[in-house]
Amino acid sequence: MEKFIKQFETIYHYPFTSDNLKEIHIQSYNADETILTVGDHIAGLYFLISGSYYVTSPESNGKELLLRRSTAPSILGDIEIFQQCTVQSNCRAIETCYFLFVPLSFYEKTLKFDAAFTELLLKELSFKLKTCTTLSRVNALASVSVKLAAYLCTIQSKSVNNDYLTVQNVQHVADLIGTTNRHVNRILKKWADDRIIERTDESIKILDIGKLTSLSENIRYK
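Residue numbers for the sequence shown follow the numbering used here, so the first one is 1281 and each next one is one higher.
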C-alpha cells in the first residue's frame, strides 16, 4: 500500500493525510477485465497508478466507438459524481491496472470540501473535454483518409502528448476514427503501394512524412 501511495503522490501531486489513508484502498484489474460498464452506479473515484485501459461508447448498431486510451494520470468516476449520473462509458483494462480507490461516501464527507482535491478533479475533466471535443471536430469534418493520415501524423509527433491515441491494432484505429477495419486496410494498402508507408502485420512505418502530412491537410488530434 505504501508503494502505491508514493506513486499516487508523485503522479497526482496530492498528499493524503494519515486519517485519509484509512479510508482508501487499492483495486486491481487484469488485462481485458471490465473496470466500469455503462449504466452502473459509481462507487467512488478511481485514480490510475499503473497500466492502461480503453474508454469506449456503445452505439445503437451494437458496436463501440473508441474514445481514448488512458494512462496515468487518469481518473474514473469524476463525471458521474459531478453530474450525479450513472457510468457514461465502458472501461476495459488493456493490461494489468492498479487504481487508488476513494469511496464515494468518503469523498462526499471530506474530500468534496478540499479545494486542492477539487482542482485535481477539474484538471482531469478539462482534459477529457479537450480530447473529446478534438475527436468530435476531426471526425465530423474530415474524410476517412484525412483522419487516418492525421492520426498517423499525430502519434508520430514527439511534441504531442498522444498516449491517449496509441492503440493496439488496425481495428482499434478504425474504431477511434469512426470507420470500418476494411476501409482502413484499403487506404493503408494504397499508401503502401505508393511507398508512403511500409506495413508488416500490425506495424506501420512512415516512409514519406511529407506526403502523409499533405494528405492529413494539417489536421491533428490535439
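By construction, the Cβ of each residue, glycine as well, lies at the ideal position given by its N, Cα and C atoms.
Please work out which residues of its chain come closer than 8 angstroms, Cβ to Cβ, to residue i, disregarding the five sequence neighbours upstream and downstream, and give them in chain order.
{"i": "Ala1422", "result": "Ala1430, Glu1497 and Ile1499"}
{"i": "Pro1295", "result": "Glu1289"}
{"i": "Lys1343", "result": "Asp1455"}
Please name the residue or residues paired with residue i in a DSSP beta bridge.
{"i": "Glu1478", "result": "Lys1485"}
{"i": "Ile1306", "result": "Leu1380"}
{"i": "Gly1324", "result": "Pro1383"}
{"i": "Val1335", "result": "Arg1348 and Cys1371"}
{"i": "Glu1330", "result": "Contrary to the premise, residue 1330 reads as Ser rather than Glu in this sequence. According to DSSP, which records beta bridges pairwise, Ser1330 is partnered with Tyr1378."}
{"i": "Leu1506", "result": "Limits of the chain in this structure are 1281 at one end and 1502 at the other, which puts residue 1506 out of reach."}
Rounded to whole angstroms, how far is the Cβ of residue i from the Cβ of residue j, which I believe are closer than 8 angstroms?
{"i": "Cys1433", "j": "Leu1487", "result": "Contact doesn't hold; Cβ gap of about 13 angstroms is too wide."}
{"i": "Phe1284", "j": "Ile1315", "result": "About 17 angstroms; that fails the 8 angstroms criterion."}
Once you ignore the five residues that flank residue i on each side, which residues in its own chain have a CB closer than 7 angstroms to its CB?
{"i": "His1293", "result": "none"}
{"i": "Cys1412", "result": "Leu1347"}
{"i": "Lys1286", "result": "none"}
{"i": "Thr1459", "result": "Val1424"}
{"i": "Leu1391", "result": "Val1382 and Phe1397"}
{"i": "Leu1345", "result": "Thr1336, Ser1337, Glu1339, Asp1455 and Gly1458"}
{"i": "Met1281", "result": "Ile1306"}
{"i": "Tyr1378", "result": "Phe1284, Ile1306, Ser1308, Ile1329, Ser1330 and Gly1331"}
{"i": "Glu1360", "result": "Ile1322, Thr1366, Val1367 and Gln1368"}
State the Cα-Cα distance for the pair residue i and residue j, rounded to the nearest angstrom.
{"i": "Phe1393", "j": "Gly1357", "result": "17 angstroms"}
{"i": "Gly1319", "j": "Val1367", "result": "5 angstroms"}
{"i": "Val1453", "j": "Ser1298", "result": "44 angstroms"}
{"i": "Lys1427", "j": "Ala1352", "result": "26 angstroms"}
{"i": "Leu1456", "j": "Ser1350", "result": "13 angstroms"}
{"i": "Leu1380", "j": "Asn1310", "result": "15 angstroms"}
{"i": "Thr1317", "j": "Asp1473", "result": "41 angstroms"}
{"i": "Leu1402", "j": "Lys1470", "result": "43 angstroms"}
{"i": "Val1382", "j": "Arg1466", "result": "46 angstroms"}
{"i": "Val1440", "j": "Lys1485", "result": "The pLDDT assigned to Val1440 is 49, lower than 50, so where the model puts this residue is not dependable, and the model offers no usable value."}
{"i": "Ile1476", "j": "His1321", "result": "47 angstroms"}
{"i": "Ala1323", "j": "Arg1462", "result": "39 angstroms"}
{"i": "Cys1371", "j": "Glu1399", "result": "24 angstroms"}
{"i": "Ile1304", "j": "Ala1395", "result": "19 angstroms"}
{"i": "Glu1388", "j": "Glu1404", "result": "18 angstroms"}
{"i": "Ile1374", "j": "Tyr1334", "result": "7 angstroms"}
{"i": "Glu1313", "j": "Ser1483", "result": "25 angstroms"}
{"i": "Arg1479", "j": "Asn1449", "result": "12 angstroms"}
{"i": "Ser1385", "j": "Leu1325", "result": "10 angstroms"}
{"i": "Gln1495", "j": "Ile1489", "result": "Residue 1495 is actually Leu in this sequence, not Gln. So the two alpha carbons sit approximately 10 angstroms from each other."}
{"i": "Thr1376", "j": "Thr1414", "result": "28 angstroms"}
CB-CB under 6 angstroms to residue i, same chain, minus the five flanking residues each way: which ones, in chain order?
{"i": "Ser1354", "result": "Leu1328"}
{"i": "Ile1291", "result": "Ala1352 and Pro1353"}
{"i": "Gln1364", "result": "none"}
Any heavy atom of the ligand COA within a distance shorter than 6 angstroms of the CB on residue i?
{"i": "Pro1338", "result": "Summarising the ligand content, the structure contains no ligands, and the ligand COA is consequently not present."}
- request: Quick one: which unbroken alpha helix (DSSP H) runs of 4-plus residues sit fully inside the segment 1343-1431? Chain order, please.
  value: Listed in chain order, the alpha helix (DSSP H) elements of length 4 or more contained wholly in the segment 1343-1431 are 1358-1363, 1384-1389 and 1395-1421.
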